[in-house]
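Numbering (full-length UniProt numbering), first residue to last: 1 to 577.
Here is the structure we will look at, set down as structure tokens.
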């Protein structure tokens, strides 16, 4: 491969006519419990018989192991070593230079630099893991880059595209074949020119001192976790540290570095799409064996993820239906199924905050209008801040003046005080029972602003003072022959407004709002449940009758035993029975 690599030395950038030589450390000689992983040889890919054989091998590998090797994938070792070289040179840059490219990690942003020391490991030791992520948008890296990587951006973009075309697409094609889906089913969800969250990563685990290793009680640099995309590609890393959790036994096995290979694992998105048929494999990073604990570990990875607008629901594969995998965790729990973009943001935010030991976010005195509305951290760079560049905003950022900031803050405080004053006045002016109900709502988490709005519009007290009910009536064929006595509201037995049912409107009407300060509407009677039947046509009631009269009990029994369908209707403003 013919390529130039730019090297920084003494603040001068040199154009190297030879590849920066990256030397891999020797493999460990320790006798470790290595995982027995299958191999997918992509030199067999491209023929019908070869694809069928590889698809069967692949689906067995990802269902039983979750990890596998890929060989003969069409990218030279020279090209791979160039990326290792660029990663090593990047981490040799001063820390103050690298942190210029740190995204808002707490908000789930991850493209850029993540410094070491954000997480606490066992024994109270801070981690020594640094991460640099580069994502492509429409085939190009659009995020800000340090000069070293900016001058080699085309080289990095071409390498990422080779991984997409020569490794990712064939593997996705084989998975589609194994699931009896159209051959391009998954490749359509991972198109190079459509924005997703796929990215290339340089990752460095710095060595620990003997004192730190002694305090690291569980010996882990990174706890067990799953990756959130489709599949992850890990280039050969001779420093033994990756451990895989066996699907069946739950035991941890070491992943052996295999010459000229990629180590590949399946991730969350593929598990969701297949309803758990393909599992997302748990893995972790351990401190290396003794003969390698004195060296740093540099990783080169590619994280493949489907397009952001893909809804992560179970796909309609014949294989999945026959095997009974028709729902993922979201669907089985009747939860909203997120898109890939939503899931990425949620999990990245959770991962960045989990186990973190850092100070609170520093207050930024200058924030552009867009970042203020988005409630994201703004560095105040001009003409366009880093956060806006990362989110695709090319226009110049606008910043409010100090006077405008004072006015905005005063208005916010004044508005908050106004709400609190109105809330206190409500508590002072309402009966004790209403006050108790309002305070219970406040203790339950309802904001004062929302309570004030509801009380002032009458909605809240209306809910607290009345209980909705339903009346049922038979099809109104016999209403015209109802005797006179049940028509009156003073009937000692029925006590329901049959007169209003016969001669009044059957559609519910909403009472007009009372004048300001009036509680009249809250005292209005509301209906309860009742039953009206045409059997009342034959009920001859006497004004002096009691509930023990045999005639009344006889007719009541007929009413209860009468099997008829009733239709509901709602009538506000009816008297409580």
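Beta carbons: idealized from backbone N, C-alpha and C, even for Gly.
With a threshold of 7 Å on Cβ separation, who are the neighbours of residue i within its own chain once the five nearest residues in sequence on each side are excluded?
{"i": "residue 219", "result": "286 and 287"}
{"i": "residue 101", "result": "112, 113, 144 and 146"}
{"i": "residue 44", "result": "50, 53 and 54"}
{"i": "residue 207", "result": "293, 294, 295 and 296"}
{"i": "residue 189", "result": "306, 307 and 310"}
Mind checking who residue i pairs with in its DSSP beta bridge?
{"i": "residue 303", "result": "199 and 232"}
{"i": "residue 135", "result": "199"}
{"i": "residue 120", "result": "126"}
{"i": "residue 284", "result": "243"}
{"i": "residue 205", "result": "129 and 297"}
{"i": "residue 264", "result": "68 and 233"}
{"i": "residue 113", "result": "132"}
{"i": "residue 220", "result": "286"}
{"i": "residue 311", "result": "339"}
{"i": "residue 350", "result": "For residue 350, which the question treats as bridged, DSSP gives no partner whatsoever."}
{"i": "residue 586", "result": "Residue 586 falls outside the range modelled here, since the chain spans only 1 to 577, and no answer is possible."}
{"i": "residue 24", "result": "None, per the DSSP bridge assignment."}
{"i": "residue 140", "result": "137"}
{"i": "residue 252", "result": "245"}
Measuring straight from C-alpha to C-alpha, what distance separates residue i and residue j?
{"i": "residue 447", "j": "residue 425", "result": "16 Å"}
{"i": "residue 428", "j": "residue 441", "result": "17 Å"}
{"i": "residue 201", "j": "residue 108", "result": "16 Å"}
{"i": "residue 370", "j": "residue 282", "result": "38 Å"}
{"i": "residue 278", "j": "residue 314", "result": "11 Å"}
{"i": "residue 30", "j": "residue 290", "result": "8 Å"}
{"i": "residue 455", "j": "residue 308", "result": "42 Å"}
{"i": "residue 193", "j": "residue 87", "result": "25 Å"}
{"i": "residue 335", "j": "residue 326", "result": "15 Å"}
{"i": "residue 225", "j": "residue 284", "result": "6 Å"}
{"i": "residue 235", "j": "residue 47", "result": "26 Å"}
{"i": "residue 602", "j": "residue 445", "result": "The requested residue 602 is not part of the displayed model; the chain covers only 1 to 577."}
{"i": "residue 187", "j": "residue 217", "result": "44 Å"}
{"i": "residue 52", "j": "residue 179", "result": "11 Å"}
{"i": "residue 376", "j": "residue 366", "result": "12 Å"}
{"i": "residue 251", "j": "residue 37", "result": "14 Å"}
{"i": "residue 63", "j": "residue 331", "result": "21 Å"}
{"i": "residue 616", "j": "residue 340", "result": "As displayed, the chain neither begins before 1 nor continues past 577, which places residue 616 out of reach and without an answer."}
{"i": "residue 21", "j": "residue 148", "result": "16 Å"}
{"i": "residue 280", "j": "residue 120", "result": "25 Å"}
{"i": "residue 378", "j": "residue 135", "result": "21 Å"}
Counting C-beta neighbours from all protein chains within 10 Å, is the total for residue i 16 or more, i.e. buried, or is it exposed?
{"i": "residue 306", "result": "buried"}
{"i": "residue 600", "result": "The chain is shown from 1 up to 577; residue 600 falls before or after that span and cannot be answered."}
{"i": "residue 98", "result": "buried"}
{"i": "residue 18", "result": "Caution is warranted here: a pLDDT of 45 is assigned to residue 18, below 50, making its placement in the model unreliable, and the coordinate value is therefore given only provisionally. The residue is exposed, with fewer than 16 neighbouring Cβ atoms inside 10 Å."}
{"i": "residue 451", "result": "buried"}
{"i": "residue 253", "result": "buried"}
{"i": "residue 65", "result": "buried"}
{"i": "residue 350", "result": "exposed"}
{"i": "residue 261", "result": "buried"}
{"i": "residue 160", "result": "buried"}
{"i": "residue 23", "result": "exposed"}
{"i": "residue 205", "result": "buried"}
{"i": "residue 387", "result": "buried"}
{"i": "residue 77", "result": "exposed"}
{"i": "residue 420", "result": "exposed"}
{"i": "residue 55", "result": "buried"}
{"i": "residue 404", "result": "exposed"}
{"i": "residue 81", "result": "buried"}
{"i": "residue 317", "result": "buried"}
{"i": "residue 333", "result": "exposed"}
Below 6 Å CB to CB, which residues in the same chain sit around residue i once its five sequence neighbours on both sides are set aside?
{"i": "residue 197", "result": "305 and 344"}
{"i": "residue 110", "result": "133 and 348"}
{"i": "residue 137", "result": "195"}
{"i": "residue 32", "result": "254"}
{"i": "residue 153", "result": "141"}
{"i": "residue 273", "result": "315"}
{"i": "residue 131", "result": "114 and 203"}
{"i": "residue 214", "result": "none"}
{"i": "residue 302", "result": "163, 200 and 233"}
Keeping to the same chain, check which residues put their C-beta closer than 8 Å to that of residue i; ignore five residues upstream and five downstream.
{"i": "residue 27", "result": "238, 240 and 257"}
{"i": "residue 182", "result": "176"}
{"i": "residue 35", "result": "65, 67, 244, 246, 253, 254, 255 and 256"}
Within 8 Å (strictly less), CB to CB, does residue i reach chain C?
{"i": "residue 349", "result": "No chain C appears in this structure, which consists of one protein chain only."}
Checklist entry - Taking only runs of the alpha helix (DSSP H) that begin and end inside the segment 366-453, which ones reach a length of at least 4 residues, in chain order? => result The DSSP assignment places 369-374, 386-390, 402-429 and 432-443 as complete runs of the alpha helix (DSSP H) inside the segment 366-453, in order along the chain (cut-off: 4 residues).
Checklist entry - Whole alpha helix (DSSP H) runs in the segment 35-88 with 4 or more residues, listed along the chain? => result 48-64
Checklist entry - Can you give, in chain order, each stretch of the alpha helix (DSSP H) that sits fully within the segment 169-193 and has at least 4 residues? => result Whole alpha helix (DSSP H) segments, 4+ residues: 169-178.
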